[in-house]
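When we follow the working numbering, the leftmost residue of the sequence shown carries the number 103, and every step to the right adds one.
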Amino acid sequence: MSAQEKTFGMMPLAHAAFQGLETVVRLLVQFQADVSAKEDCGGTALYAAAVGGHAVVVELLLGTGADAEAKDDEGRTALHDAARLGLEVVARVLLGSGADEQVKTNAGQTPEDLTTDQGHLQVAAVLKAEAVRRVQCVAFAMGHHVRLGDGSPVLELDAGVVRMVLEQV
């Protein structure tokens with residue numbers, strides 16, 4: 103059986119990630135399991151690790167190229183479900199990797215909307231603080247652009263520039 107074949111309705115990588123089996127996840131990735139592969143519902147191994155509440159596995163998958171912005175069939179990211187389930191540590195890991203706290207599901211809900219709906223006020227506060235921090239960073243970058251003038255790499259505010267500024271805060 104290859105690292106991509108399904109067992110018990112899930113691909114081995116997603117199954118191991120959901121169970122928090124860090125060593126198994128490492129081995130599967132080492133043997134070329136696709137960290138971007140989607141399950142029937144559209145979720146990835148990263149999504150499974152987040153739903154399972156396994157921050158260490160989430161961090162491991164992000165370090166191997168898993169996309170924090172990958173969406174399932176309902177438009178949810180790993181951050182949406184970490185927020186919905188009140189998994190603060192997982193949410194912090196995802197936010198630290200650059201996951202967008204403003205991304206919306208197909209139903210138009212942000213991760214913060216889901217935390218509030220479920221009464222996870224601490225996670226809602228974390229998401230709110232991240233949103234404020236990002237706005238402040240963009241404002242900071244824009245202020246530097248005004249001083250640097252036209253031709254500044256800050257002019258376009260592409261993801262790389264914003265990430266660079268966010269890493270400095």
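All C-beta atoms, glycine included, are put in the ideal place defined by N, C-alpha and C.
Given the structure is predicted, the values throughout are model-derived calculations rather than measurements.
Alpha carbon to alpha carbon, how far is residue j from residue i? Give it in angstroms, no decimals.
i      : j      : result
GLY122 : VAL234 : 32 Å
LEU130 : GLU203 : 29 Å
VAL225 : VAL191 : 9 Å
THR207 : ARG128 : 30 Å
GLN323 : THR166 : This structure leaves residue 323 out entirely; the chain is present only between 103 and 271.
VAL137 : LYS230 : 29 Å
ALA147 : GLY198 : 18 Å
GLU214 : TYR149 : 17 Å
Does the distance from the C-beta atom of residue i to that of residue j stay below 8 Å?
i      : j      : result
ALA139 : LEU115 : yes
LEU181 : LEU196 : yes
ARG186 : LEU216 : yes
ALA168 : THR179 : no
GLY154 : ALA119 : yes
Taking C-alpha atoms, which residue in the options lies nearest to residue i?
i      : options                           : result
ALA113 : GLY145, GLU214 and LEU189         : It should be noted that the sequence gives Met, not Ala, for residue 113. Cα-wise, what sits closest to MET113 is GLY145.
ALA201 : ALA135, GLU176, VAL131 and VAL160 : VAL160
ALA151 : GLU176, LEU189, LEU129 and ASP142 : LEU189
ASP174 : GLU124, CYS143, LYS230 and GLN211 : CYS143
GLY210 : VAL191, GLY177 and ALA147         : GLY177
Hey, is residue i's beta-carbon within less than 8 Å of any beta-carbon in chain D?
i      : result
GLU203 : Reference to chain D is not applicable here, since this structure consists of a single protein chain.
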